[in-house]
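Residue numbers (the numbering used here): 101 to 306.
From the three backbone atoms N, C-alpha and C, an ideal C-beta is built for every residue, glycine too.
Every value quoted in this text rests on a predicted model; they were computed, and no experiment measured them.
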Amino acid sequence: MTSIHIVAGGQFGSEGKGAFTAALVRKLRQEFDVHPTLVRVAGPNAGHTAYDDQGRKWSLRQIPVGAVVDHESDIIIGQQSEIDLEVLRSEIDQLEEAGISILNRLSIDHACTVIESWHQERELTISTGTTGKGIGGARAARLMRTAGTMRDLAPPDLPIGDTVAALRATGWGQHIVIEGTQGYGLGLHTSYYPYVTSSNTRCGDF
101 MTSIHIVAGG QFGSEGKGAF TAALVRKLRQ EFDVHPTLVR VAGPNAGHTA
151 YDDQGRKWSL RQIPVGAVVD HESDIIIGQQ SEIDLEVLRS EIDQLEEAGI
201 SILNRLSIDH ACTVIESWHQ ERELTISTGT TGKGIGGARA ARLMRTAGTM
251 RDLAPPDLPI GDTVAALRAT GWGQHIVIEG TQGYGLGLHT SYYPYVTSSN
301 TRCGDF
């Protein structure tokens, strides 16, 4: 049997999902002697923070934070994610320079939406607390079928593929850790609308 662990926020974000995810990955590694597959779903909002085994602090917005705890786990940025190529490249470079390999175990779904500059510019017209990182603009473009995807816009050196097929092929007894973002109260369809994010943030959504 494959075990799926989903880390989601039950409040309004900043519940400590990064630290909890890191602790969960350590527990799976130490108690079950497995290297879980690490999945991040969503866009590069506020970073998730964790400390690696050398005590170095990492705040990551695109790469799953569990990657700094388990250096042998597979890393997936899944479907329904938005990619800021500049942020992604910066995180990969910083981690690689620190001796944490990323590219050789990373897979990015080819259907992920790429955040472009005009998505960020579009968000400047929103007055209800957007982070301004272009995620909402990219999601709106996706709904209108005008967004570019990693299949079309990814640099040739980034590893893209069908992550759904990869997850379905996960071996018996494997553990998958899905790292959600933000918190339930910020969901698009909650009573706090319009002061919310641009999607829902429940376990089922991730």
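Q | residue 155, DSSP secondary structure in three states | A | Counting from one through the sequence shown, the residue named residue 155 turns up at place 55. Of the three classes helix, strand and coil, the one that applies to residue 155 here is coil, per DSSP.
Q. Nearest-angstrom Cα distance between residue 144 and residue 105?
A. Sequence index remark: in the sequence shown, residue 144 carries index 44 (1-based). Sequence index remark: in the sequence shown, residue 105 carries index 5 (1-based). Going by the C-alpha atoms only, they are around 21 Å apart.
Q: Determine the extent of the alpha helix (DSSP H) in which residue 194 is found, giving its start and end residues.
A: The residue labelled residue 194 in the question sits at position 94 within the sequence shown. Per DSSP, residue 194 belongs to the alpha helix (DSSP H) from 185-197.
Q. Where does residue 302 sit, in a helix, a strand or coil, going by DSSP?
A. Mapped onto the sequence shown, residue 302 falls at position 202. Here residue 302 sits in coil by DSSP.
**Q.** Where residue 275 sits in the DSSP three-state scheme
**A.** Working through the sequence shown from its first residue, we reach residue 275 at position 175. Reduced to three states, the DSSP call for residue 275 is strand.
Q. Residue 150 and residue 158: beta carbons closer than 8 Å?
A. What you label residue 150 is simply residue 50 of the sequence shown in a count that begins at 1. What you label residue 158 is simply residue 58 of the sequence shown in a count that begins at 1. Yes, they are a contact pair.
Q: Using beta-carbon positions only, say whether residue 183 and residue 101 come within less than 8 Å of one another.
A: Translated into positions along the sequence shown, residue 183 becomes position 83. Translated into positions along the sequence shown, residue 101 becomes position 1. At least 8 Å separates the beta-carbon of residue 183 from that of residue 101.
Q) Of the choices 129, 123, 114 and 191, whose alpha-carbon is the least far from that of residue 258? A) On the sequence shown, residue 258 is found 158 positions in, with the first residue counted as 1. Comparing Cα positions, the closest option is 191.
Q. Is it the case that the Cβ atoms of residue 154 and residue 283 are separated by a distance below 8 Å?
A. Here residue 154 refers to the residue found at position 54 of the sequence shown. Here residue 283 refers to the residue found at position 183 of the sequence shown. Not a contact, by the Cβ cut-off of 8 Å.
**Q.** Inter-residue Cα distance where the pair is residue 248 and residue 123
**A.** Here residue 248 refers to the residue found at position 148 when the sequence shown is read from its first residue. Here residue 123 refers to the residue found at position 23 when the sequence shown is read from its first residue. Those two C-alpha atoms are separated by around 35 Å.
Q. Sorted by chain position, which residues of the same chain lie with C-beta nearer than 6 Å to residue 263's C-beta, five sequence neighbours on each side aside?
A. Numbered from its first residue, the sequence shown carries residue 263 at position 163. Counting only Cβ-Cβ distances below 6 Å, and skipping sequence neighbours, we find 176, 178, 207 and 209.
**Q.** Status (buried if at least 16 other CB within 10 Å, exposed otherwise) for residue 246
**A.** For this step, residue 246 is matched to residue 146 along the sequence shown. By the neighbour-count rule (16 or more Cβ atoms within 10 Å), residue 246 is not buried but exposed.
Q) How far does the beta strand (DSSP E) with residue 140 in it reach, from first residue to last? A) As a working mapping, residue 140 is identified with position 40 in the sequence shown. Residues 137-140.
Q: Measure the alpha-carbon distance for residue 265 versus residue 275 and round it to whole angstroms.
A: Mapped onto the sequence shown, residue 265 falls at position 165. Mapped onto the sequence shown, residue 275 falls at position 175. Straight-line Cα distance between these residues: approximately 16 Å.
Q | Bounding residues of the beta strand (DSSP E) (the contiguous stretch that carries residue 105) | A | Along the sequence shown, read from residue 1 onward, the residue named residue 105 stands at position 5. For residue 105, the uninterrupted beta strand (DSSP E) run begins and ends at 103-109, by DSSP.
Q: Would you check if the distance between the CB atom of residue 301 and the CB atom of residue 109 is smaller than 8 Å?
A: Taking the first residue of the sequence shown as position 1, residue 301 is located at position 201. Taking the first residue of the sequence shown as position 1, residue 109 is located at position 9. Going by C-beta atoms, residue 301 is nearer than 8 Å to residue 109.
Q. Where do the ends of the beta strand (DSSP E) carrying residue 206 lie?
A. As a first step, residue 206 is located in the sequence shown; it is residue number 106 there, counting from the start. Counting along the chain, the beta strand (DSSP E) containing residue 206 begins and ends at 206-209.
Q. How would you call residue 130, buried or exposed, if buried means at least 16 neighbouring beta carbons within 10 angstroms?
A. By 1-based counting over the sequence shown, the position of residue 130 is 30. With fewer than 16 Cβ atoms within 10 Å of its Cβ, residue 130 is classed as exposed.
(Q) Quick check on the DSSP output: the alpha helix (DSSP H) that includes residue 235 runs from which residue to which? (A) To locate residue 235, count along the sequence shown from 1; it is residue 135. Run containing residue 235: 235-243, per the alpha helix (DSSP H) assignment.
**Q.** Environment of residue 226 [buried if 16+ CB atoms lie within 10 Å]
**A.** Residue 226 sits at position 126 when you count from the first residue of the sequence shown. Burial check for residue 226: the Cβ neighbour count within 10 Å stays below 16, so the residue is exposed.
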